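Chemist: In full-length UniProt numbering, the protein residues as written are 1 to 83.
One structure is given below, represented as structure tokens, and several questions about it will come after.
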Amino acid sequence: MVLLSEYAASLPPAEKSRYINKLERCRMEKDPYVVQDDWHTECDRLPDLAWHDITSYMVCTPSPYTKESIKASYWHAIKITYK
Numbered sequence: 001m002v003l004l005s006e007y008a009a010s011l012p013p014a015e016k017s018r019y020i021n022k023l024e025r026c027r028m029e030k031d032p033y034v035v036q037d038d039w040h041t042e043c044d045r046l047p048d049l050a051w052h053d054i055t056s057y058m059v060c061t062p063s064p065y066t067k068e069s070i071k072a073s074y075w076h077a078i079k080i081t082y083k
């Protein structure tokens, strides 16, 4: 039996059954929306971040999009708009 979150446990029987079926097909033993006992919400437990960490992540992380594909979709949208 799958451990369910409060939300999933409150679903009507048909929806609850479908939800449990999906979890079992994904081989999940626990509802991903169950909050763990060791979960913390205090901000002081978060890692320190500075603007350069975020900039580095946003700029240096590989993307599936290339400059050419973005330009192509932009120009395609403009052509559709002005037809």
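The beta-carbon is built from N, C-alpha and C at its ideal position, and this holds for glycine as well.
Predicted model only: the values in this text are computed from it and were never measured.
Hey, Ile-20 and Val-35: beta-carbon distance below 8 Å or not?
Modeler: no
Chemist: At the 8 Å Cβ level, is Glu-6 part of the contact set with chain C, yes or no?
Modeler: Protein chain content of the structure displayed is limited to a single chain, and chain C is not contained in it.
Chemist: Among Lys-67, Tyr-65, His-76 and Leu-4, which residue has its Cα nearest to the Cα of Pro-32?
Modeler: Leu-4
Chemist: Within its chain, find whatever has a CB closer than 6 Å to the CB of Tyr-57; leave out the 5 residues flanking it on each side and keep chain order.
Modeler: Take Tyr-57, set aside five residues on each side of it, and no residue of its chain has a beta-carbon closer than 6 Å to its own.
Chemist: Just grab the DSSP bridge partners of Leu-3 for me.
Modeler: Lys-30
Chemist: Along the chain, where does the alpha helix (DSSP H) containing Arg-18 start, and where does it finish?
Modeler: 13 to 25
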